[in-house]
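Chemist:
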Amino acid sequence: MTLLDVKSDFPLLNQQINDHSLVYLDSAATAQKPQVVIDAVSDYYKYDNANVHRGVHTLGQRATDAYEGARETVTQFIHAKDSKEIIFTRGTTSSINIVARSYGDAFITAGDEIVLTEMEHHSNLIPWQQVAKRTGATLKFIPLEVDGTITMTSVKETITEKTKLVAITHVSNVLGTINPIKDITSYAHDLGAVVLVDGAQAVPHMAVDVEELDCDFYAFSGHKLGAPTGIGVLYGKAALLNQMAPVEFGGEMIDFVSLTSATFKELPWKFEGGTPIIAGAVGLAKAIDYLQTIGFDKIAAHEKALTNYAMSKLKQLDGVDIYGPEERCGLITFNLTDVHPHDTATVLDSFGVAVRAGHHCCQPLMKWLNVTATARASFYVYNTFEDVDLFIDGLKQAKEFFGDVF
Ligand code: PMP
Numbered sequence: 001m002t003l004l005d006v007k008s009d010f011p012l013l014n015q016q017i018n019d020h021s022l023v024y025l026d027s028a029a030t031a032q033k034p035q036v037v038i039d040a041v042s043d044y045y046k047y048d049n050a051n052v053h054r055g056v057h058t059l060g061q062r063a064t065d066a067y068e069g070a071r072e073t074v075t076q077f078i079h080a081k082d083s084k085e086i087i088f089t090r091g092t093t094s095s096i097n098i099v100a101r102s103y104g105d106a107f108i109t110a111g112d113e114i115v116l117t118e119m120e121h122h123s124n125l126i127p128w129q130q131v132a133k134r135t136g137a138t139l140k141f142i143p144l145e146v147d148g149t150i151t152m153t154s155v156k157e158t159i160t161e162k163t164k165l166v167a168i169t170h171v172s173n174v175l176g177t178i179n180p181i182k183d184i185t186s187y188a189h190d191l192g193a194v195v196l197v198d199g200a201q202a203v204p205h206m207a208v209d210v211e212e213l214d215c216d217f218y219a220f221s222g223h224k225l226g227a228p229t230g231i232g233v234l235y236g237k238a239a240l241l242n243q244m245a246p247v248e249f250g251g252e253m254i255d256f257v258s259l260t261s262a263t264f265k266e267l268p269w270k271f272e273g274g275t276p277i278i279a280g281a282v283g284l285a286k287a288i289d290y291l292q293t294i295g296f297d298k299i300a301a302h303e304k305a306l307t308n309y310a311m312s313k314l315k316q317l318d319g320v321d322i323y324g325p326e327e328r329c330g331l332i333t334f335n336l337t338d339v340h341p342h343d344t345a346t347v348l349d350s351f352g353v354a355v356r357a358g359h360h361c362c363q364p365l366m367k368w369l370n371v372t373a374t375a376r377a378s379f380y381v382y383n384t385f386e387d388v389d390l391f392i393d394g395l396k397q398a399k400e401f402f403g404d405v406f
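When we follow UniProt numbering, the leftmost residue of the sequence shown carries the number 1, and every step to the right adds one.
1) Hey, would you say the C-beta of Lys33 is under 8 angstroms away from at least one heavy atom of the ligand PMP?
2) Applying the 10 Å Cβ sphere with the 16-neighbour rule, what's the burial state of Asn14?
3) So, with DSSP's three-state summary, where would you put Leu116?
4) Just list the beta strand (DSSP E) runs in the region 303 to 381, keeping only unbroken ones of 3 residues or longer that don't cross its boundaries, in chain order.
5) Could you check the C-alpha separation between Leu234 and Gln316 for me, to the nearest Å?
6) Under 8 angstroms: do the region 327 to 338 and the region 170 to 185 share three or more Cβ pairs, one atom per stretch?
7) Could you tell me which uninterrupted alpha helix (DSSP H) segments, each at least 4 residues in length, are contained entirely in the region 231 to 294, listed from first to last along the chain?
8) Name the residue from Ile108, Leu125, Glu72 whose alpha carbon lies nearest to the alpha carbon of Ser94.
9) How long is the line joining the alpha carbons of Leu4 and Ile299, rounded to whole angstroms?
10) Just to check, is the beta-carbon of Asp198 closer than 8 angstroms to a non-hydrogen atom of the ligand PMP?
11) Starting from Thr135 and walking both ways along the alpha helix (DSSP H), at which residues does that stretch end?
12) In chain order, what residues of the same chain have a beta carbon less than 6 angstroms from the beta carbon of Phe256, not counting five sequence neighbours either side?
13) Rounded to whole angstroms, what's the CA-CA distance from Pro180 to Asp209? Just pull it up for me.
14) Whose C-alpha, out of His79, Tyr24, Lys140, Thr333, is nearest the C-alpha of Thr163?
15) Please say whether His342 and Gly352 have beta carbons closer to each other than 9 angstroms?
16) Thr384 lies in the beta strand (DSSP E); which residues open and close that run?
17) Looking at the strands, I want to know which residues DSSP matches up with Val195.
18) Sorted by chain position, which residues of the same chain lie with C-beta nearer than 7 angstroms to Pro127's C-beta, five sequence neighbours on each side aside?
19) Hey, how far is the Cα of Asp43 from the Cα of Ile231?
20) If Ala219 and Thr92 are in contact, beta carbons under 8 angstroms, what's the gap, nearest whole angstrom?
21) Check whether the region 178 to 192 and the region 141 to 152 touch, using three or more Cβ-Cβ pairs below 8 angstroms as the test.
22) Return the first residue and the last residue of the alpha helix (DSSP H) that Ala200 is part of.
23) Can we count His121 as close to the ligand PMP, meaning its CB is less than 8 angstroms from some heavy atom?
24) In this structure, does DSSP put Thr30 in helix, strand or coil?
25) Judging by CA-CA distance, which residue of Lys313, Ala207, Val339, Met253 is the nearest neighbour of Asp387?
26) Tell me whether the region 75 to 84 and the region 104 to 111 touch, counting them as touching only if at least three CB pairs, one residue from each stretch, are closer than 8 angstroms.
27) Can you have a look at Pro204 and say buried or exposed, based on whether 16 or more other CB atoms are within 10 angstroms of its CB?
28) Please name the residue or residues paired with Tyr24 in a DSSP beta bridge.
29) In or out: Tyr8 buried (at least 16 other Cβ within 10 Å) or exposed?
30) Taking Met253 and Trp269 to be in contact with their CB atoms under 8 angstroms, please state how far apart those CB atoms are, rounded to whole angstroms.
31) What separation, rounded to the nearest whole angstrom, lies between the Cα atoms of Glu68 and Ile87?
32) Should Ser94 be listed as close to the ligand PMP, given that the test is whether its C-beta is under 8 angstroms from any heavy atom?
See below:
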């Protein structure tokens with residue numbers, strides 16, 4: 001098994017935190033940036049910065065080429081049929097909100113059902129609560145099995161002929177569960193529902209092919225795969241996006257404007273009102289290039305090896321509750337018995353180990369787990385076996401410390 005050795009590509013990781021070498025295990029919240037991405041963004045501002053689409057001058061053309069070139073990169077990355085199906089947004093949250101506002105408000109009415117799961121991030125829950133409030137539609141939830149997976153039996157019991165839209169996460173940011181999107185999409189389509197996939201935790205870790213999944217919408221954030229914050233993607237099938245109204249109105253998205261009315265550009269620009277996130281798109285394209293050069297098969301194998309190693313070490317410790325299924329994407333959510341996860345994370349930080357603690361924007365899932373919060377260690381391309389060892393050493397210290405306290 002070849003493991004990746006790319007830590008030195010990420011300058012931030014080369015630092016001491018509390019007199020210890022940094023061990024960054026919070027990539028599910030946001031990933032660190034490789035030097036090539038930092039350089040691409042910096043070079044864009046140093047040499048090419050201008051506004052896009054309108055300028056006839058050379059810099060305007062360069063900025064437009066960079067921005068539209070990034071759209072082509074994303075199109076190929078997720079195997080969309082056409083670059084007009086790729087809308088640049090601020091991130092997963094804004095992508096889902098665009099669909100909720102535009103598709104939800106126009107096509108969902110009283111008596112319709114919106115189907116979600118119990119593991120959704122607030123970003124793929126609250127927009128649908130709001131649609132339900134505005135339209136009178138009903139929210140339904142595919143229930144979780146004890147290990148935090150969903151079964152096709154439950155899927156089939158929940159999606160009905162009244163279901164207008166299924167909104168589901170590809171990978172859970174708490175449990176690491178990988179959902180059977182292709183099967184769900186196929187079943188939902190047979191009953192006439194459209195499917196939106198929250199890909200925030202999938203796209204950084206696995207090759208995603210929207211054509212194969214056959215989903216209608218797919219949302220993700222650049223910052224979780226090494227791109228800057230503030231850039232994200234909404235993929236939508238052109239046939240649907242063409243029927244949908246813009247949600248933001250202003251510059252960049254219009255064709256003709258009079259004092260009393262306006263017509264709008266075609267896809268994808270009708271959804272990109274205002275000056276777009278040009279440098280963010282440039283950084284996203286570079287992050288995608290970087291990951292594709294490594295190869296998603298290698299990335300997945302690397303993360304699996306780290307997760308399995310961490311899992312086996314954690315299981316050797318007494319008093320650790322681990323949540324989620326055996327088969328999972330590269331993260332582990334856990335609690336030390338009788339220790340608040342914020343305290344666990346604080347002790348780990350004193351050893352330079354960064355993990356996340358809290359409800360992870362999944363309060364209903366916390367309720368389902370019967371906890372108020374958890375700690376979460378998440379792995380990415382740059383993590384090493386040594387990182388896992390330091391994490392486990394830190395946890396042992398935390399257990400000893402709190403063992404003395406209780
Ligand atoms: N969905 C999932 C599953 C996530 O993990 C996240 C980020 N924590 C989001 C949605 C929201 O992403 P963003 O904050 O980048 O919009």
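For each residue, glycine too, the CB sits at the ideal point set by N, CA and C.
A quick note: this is a predicted structure, and the numbers were derived from the prediction, not measured.
Modeler: Result, derived from the coordinates:
1) no
2) exposed
3) strand
4) Scanning the region 303 to 381 from its first residue to its last, the whole beta strand (DSSP E) runs of 3-plus residues come out as 320 to 323, 331 to 336, 356 to 358, 374 to 378.
5) 42 angstroms
6) yes
7) 238 to 241, 278 to 294
8) Leu125
9) 8 angstroms
10) yes
11) 126 to 135
12) Within its own chain, the residues whose Cβ lies closer than 6 angstroms to the Cβ of Phe256, once the five positions on either side in sequence are excluded, are Thr263, listed in chain order.
13) 13 angstroms
14) Lys140
15) no
16) Careful: Thr384 lies outside any beta strand (DSSP E) and carries neither H nor E.
17) Val166
18) By the criterion of a C-beta distance shorter than 7 angstroms, Pro127 is surrounded in its chain by Ile96, Asn97, Ala100, once the five residues flanking it on both sides are discounted.
19) 18 angstroms
20) 5 angstroms
21) yes
22) Careful: Ala200 lies outside any alpha helix (DSSP H) and carries neither H nor E.
23) yes
24) coil
25) Lys313
26) no
27) Pro204 comes out buried.
28) Ala354
29) Looking at the sequence itself, residue 8 is Ser, so the reference to Tyr does not match. So Ser8 ends up on the exposed side.
30) 6 angstroms
31) 11 angstroms
32) yes
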